[in-house]
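Below is one structure, written out as structure tokens; comments come after it.
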Amino acid sequence: MKSKLLLLYTGGTIGMHKNSSGELIPFDFNDLLRHIPELELLPYEIDHTAFEKPVDSSDITPGHWVEMAQTIYEHYEDYDGFVVLHGTDTMAYSASALSFMLENLNKPVVFTGSQLPIGDLRTDAKENIITSLEIAGSYENGIPLVPEVSLYFEYKLMRGNRTVKISSEHFNAFASPNYPVLCEAGVELEFYKERILPYKKDLFRIFTDMDNRVVILKLFPGISRDYVQAVLQIPDLKAVVLESFGSGNAPRLKWLVEELEKAISSGIKIVNITQCLEGSVAPERYETGKHLKEIGVISGGDMTTEASVAKISYLLGKGVSDKTFRRVMGQSLRGEITE
Ligand code: ASP
Numbered sequence: 007m008k009s010k011l012l013l014l015y016t017g018g019t020i021g022m023h024k025n026s027s028g029e030l031i032p033f034d035f036n037d038l039l040r041h042i043p044e045l046e047l048l049p050y051e052i053d054h055t056a057f058e059k060p061v062d063s064s065d066i067t068p069g070h071w072v073e074m075a076q077t078i079y080e081h082y083e084d085y086d087g088f089v090v091l092h093g094t095d096t097m098a099y100s101a102s103a104l105s106f107m108l109e110n111l112n113k114p115v116v117f118t119g120s121q122l123p124i125g126d127l128r129t130d131a132k133e134n135i136i137t138s139l140e141i142a143g144s145y146e147n148g149i150p151l152v153p154e155v156s157l158y159f160e161y162k163l164m165r166g167n168r169t170v171k172i173s174s175e176h177f178n179a180f181a182s183p184n185y186p187v188l189c190e191a192g193v194e195l196e197f198y199k200e201r202i203l204p205y206k207k208d209l210f211r212i213f214t215d216m217d218n219r220v221v222i223l224k225l226f227p228g229i230s231r232d233y234v235q236a237v238l239q240i241p242d243l244k245a246v247v248l249e250s251f252g253s254g255n256a257p258r259l260k261w262l263v264e265e266l267e268k269a270i271s272s273g274i275k276i277v278n279i280t281q282c283l284e285g286s287v288a289p290e291r292y293e294t295g296k297h298l299k300e301i302g303v304i305s306g307g308d309m310t311t312e313a314s315v316a317k318i319s320y321l322l323g324k325g326v327s328d329k330t331f332r333r334v335m336g337q338s339l340r341g342e343i344t345e
């Protein structure tokens, strides 16, 4: 029996064309498929569906995450794997969000896109789509090889919630700085099974009540009290992803500590991650990091900004207690953090 795969087109460069003033805008999905007759040659039964209005991924909202999760949920039993075509700009956010929203996922969900539109002669779209479909359809003894949310780009399959977009020009546009790739596409597809989340038999379900009352606060030398105050006084703010320096360090300015402490005692959760592309926060290493821990800032370990926003929205949405939130932030729910 052929594997059945569902291709979900949400938008992005992959399916864009130039309008009369030369700007790239998303086009109709059937036009996109017309450019890849090779799909017929794959040993899978491939169906497709699309957002009613495909979007440039810079326009993606948490509402679109829900739409993606619901589409997968509605078709879950009918397909062996799913490929989500998505713009590259915010694909790491969507892949991170979906990794939490799809609970007990035990089928492959592969995000991909491209840097050049499918109609462009030098496009990277074909390889990305075709290999993503192959990965989504890869099973061994009835068990999928990658039963998790992943992101495929330029010969590499990465865990979705470990990815970051690193280039707006190169075909090699994504990296997974703190976790090794799950599969490499060379002459053969080489799966690194020991790095892939285990297959589980629990009942698949989706969680769609993501709470997006979270902001990102990036530190920089010269950051002002007014700026920090303005952020922390956002009405109804629930959490802050604090992008600190190096291994989780922040200036030891008295006013900064006061503002953070005030926010924490008013119930705002502050999660410390590094603004470095690679590595983890280690709050004990420097005096400049230790004081954050002492006032109750939570360590986000080696999570990316994208995964932190997604995980926080997920936990806030679940309404977990402060104690549970603090504990779970440091635990791996979907392989998003190194414990
Ligand atoms: N702006 C586009 C998007 O994210 C870029 C891309 O797809 O590569 O939708």
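All residue numbers for the sequence shown refer to my numbering, where the first residue is 7 and numbers rise by one.
Glycine included, every Cβ here is placed at the ideal spot set by N, Cα and C.
In this text the structure is predicted, and so the values were computed from the model without any measurement.
| query | result |
| --- | --- |
| Thinking C-beta only, is Leu266 closer than 7 Å to Ile222? | no |
| How long is the line joining the alpha carbons of Ala101 and Ser305, rounded to whole angstroms? | 22 Å |
| Looking only at its chain, what residues have a beta carbon closer than 7 Å to the beta carbon of Asp215, apart from the 5 residues adjacent to it on each side? | Gly323 |
| Verify the contact flag: Thr19, CB atom, against every heavy atom of the ligand ASP, threshold strictly below 6 Å. | yes |
| Going along the chain, which residues of its own chain have a beta-carbon closer than 8 Å to the beta-carbon of Ile274, five neighbours each way excluded? | Leu238, Leu243, Lys244, Ala245, Val246 |
| Can you check the segment 199–265 for any beta strand (DSSP E) of at least 3 residues that lies completely inside it and give the ranges in chain order? | 220–224, 245–250 |
| Looking at the structure shown, is Leu11 part of a helix, part of a strand, or coil, going by DSSP? | strand |
| Pick helix, strand or coil for Lys171, following the three-state DSSP scheme. | strand |
| Tyr292 by DSSP, collapsed to three states: which one? | coil |
| For a quick check, are the C-beta atoms of Asn167 and Pro68 less than 7 Å apart? | no |
| Only counting the same chain, and skipping five residues up and downstream in sequence, which positions put a Cβ closer than 6 Å to that of Tyr185? | Arg165, Arg168 |
| Measuring from the CB of Thr67, is there a heavy atom of the ligand ASP at a distance below 6 Å? | no |
| What does a CB cutoff of less than 7 Å around Gly125 pick up in its chain, not counting 5 residues either side in sequence? | His23, His41 |
| For Lys8, count neighbouring Cβ atoms within 10 angstroms of its own Cβ and tell me buried if that reaches 16, exposed if not. | exposed |
| Between Ala179 and Arg333, what straight-line distance do the alpha-carbon atoms span, to the nearest angstrom? | 33 Å |
| Going straight from the alpha carbon of Val287 to that of Leu38, what length do you get? | 43 Å |
| Whose C-beta lies closer than 7 Å to the C-beta of Val263 among residues of the same chain, with five residues either side of it excluded? | His297, Ile301 |
| Per the contact definition of three or more C-beta pairs closer than 8 Å, is the segment 52–64 in contact with the segment 155–162? | no |
| In whole angstroms, what is the alpha-carbon distance linking Gly21 and Glu312? | 24 Å |
| So, for Lys206: in the same chain, excluding its five sequence neighbours on each side, which residues have a beta-carbon less than 8 Å away from its beta-carbon? | Asn110, Asn112, Pro153 |
| Checking contacts by CB at 7 Å: is Arg333 closer than that to chain B? | Note that chain B does not occur in the displayed structure, where there is just one protein chain. |
| Should the segment 190–206 be called in touch with the segment 229–238, which here means at least 3 C-beta pairs below 8 Å? | no |
| For Ala127, count the other beta carbons within 10 Å of its own beta carbon; 16 or more makes it buried, fewer makes it exposed. Which is it? | The sequence as given places Leu at residue 127; Ala does not occur at that position. Per the 10 Å Cβ criterion, exposed. |
| Using only the heavy atoms of the ligand SAM, determine whether one of them is closer than 6 Å to the beta carbon of Thr94. | No copy of the ligand SAM appears in this structure; the ligands present are the ligand ASP. |
| Let's test the definition: count the other Cβ atoms within 10 Å of the Cβ of Lys329 and tell me whether it reaches 16, buried, or not, exposed. | exposed |
| Please look up how many angstroms separate the CB atoms of Leu188 and Leu163, rounded, as I've assumed it's under 8 Å. | 5 Å |
| CB of Asp62 to nearest heavy atom of the ligand ASP: below 6 Å? | yes |
| Below 7 Å between beta carbons: does that hold for Glu194 and Lys224? | no |
| Please look up how many angstroms separate the CB atoms of Pro150 and Leu283, rounded, as I've assumed it's under 8 Å. | So it is not a contact: roughly 30 Å between Cβ atoms. |
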